[in-house]
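Position one of the sequence shown corresponds to residue 641 (this note's numbering), numbered consecutively onward.
The C-beta atom is built at its ideal place from N, Cα and C for all residues, glycine as well.
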Amino acid sequence: FAAAANQAARLASGQVLLMLRPECEIMPGALNHLWRFLHERPWIGACGPQVLDVGKRPVLCCRRFPSLWTTVYEALGAAPFFPDTGLVGKTPITGPKAQASAVDWISGPALAIHRRAWDMVGPLDESFWLYAAELDWLKRLRRTRLECWYVPEALVVHHRDWSRPNPDPVGLLWFRWSLWRYFAKHHGSGYAAAARLLTALGEVPRVLGWTLASALPAFRERSALLADLHLRLLTQSVTGAQPPPPEGLL
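Below, the structure is given as structure tokens:
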């Protein structure tokens, strides 16, 4: 992803670069909203739209930068019960009443970047092979004093099922590995090791729980699949190994 985006940026001649994943549907007027927002506010280097799922429901996509607090939140499985808390990294500004706001980063499928900001920050780090390249770039943008904003008037529908299965073991492995790489780059290897340890502690009860559930005939197939997934995540958390490339992307 990062290498392809960098190649496209080198070839592009416009003043706004749009990173758009292929499984996205741009709603009418979205590009105009993003273009005008960047050009009317010179202190903003990048902005992103409100993301909708296939049922046209808002998806929480605006977040603070990841941290050990975020890792603890995910390890405890708190996300389904406290999805909108701002304490550990998420910003609840989705829905019809949402207003344009400055955010740390947009964890979504579309991001508009002003050319001057791209030139100041530099290209995406291609060592983030599949995930977190835009997260790393926006972290670097913050150091230039330029801002990233969320523009809810611009709407993009993300058809996630077009791009990967659910659950997606390889995608989850790559996301975790990319996040640890981000921690190591911006906070040091010790910070990344602490994040891996917290992740591993969170995976242990999941492996045990789904393994026990797989003994029940009614839940055997699904539970066995999830037990294997969390065992792979636990093993990766302990070893820190880079996952294999997703099939079809070699």
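Can you give me the Cβ contacts of residue i inside the same chain, cut-off strictly under 7 angstroms, excluding the 5 residues immediately before and after it?
i, result
"W850", "S863, L866, A867, H870"
"V761", "W777, R780, L781, T784"
"P809", "L869, R872"
"A833", "none"
"F641", "L770, A773"
Rounded to the nearest angstrom, what separates residue i and residue j at their Cα positions?
i, j, result
"L838", "P662", "33 angstroms"
"P698", "H798", "10 angstroms"
"R704", "L786", "16 angstroms"
"T618", "R650", "Not covered by the structure: residue 618. The range shown for the chain is 641 to 890."
"Y771", "L795", "22 angstroms"
"A652", "K825", "28 angstroms"
Closer than 8 angstroms by C-beta to residue i: which residues in its own chain qualify, once you throw out the five before and the five after it? Chain order, please.
i, result
"L841", "A715"
On the criterion of 16 or more Cβ atoms from any shown chain inside 10 Å, does residue i qualify as buried, or is it exposed?
i, result
"H679", "exposed"
"R821", "buried"
"G685", "buried"
"W817", "buried"
"S877", "buried"
"W814", "buried"
"L852", "exposed"
Who are the near neighbours of residue i in its chain, counting only those whose CB is closer than 6 angstroms to its CB and skipping five residues on each side?
i, result
"F677", "C687, V791"
"S803", "Its pLDDT being 49, under 50, S803 is placed unreliably in this model, and the value from its coordinates should be taken loosely. Closer than 6 angstroms at Cβ, skipping near neighbours: E663."
"G748", "G688, V691, C701"
Would you identify the three-state DSSP class for residue i, choosing helix, strand or coil?
i, result
"G880", "coil"
"L770", "coil"
"P698", "strand"
"Q690", "strand"
"H827", "helix"
"W745", "strand"
Runs of alpha helix (DSSP H) wholly within the region 751 to 795 (minimum 4 residues, chain order): 755 to 761, 773 to 782
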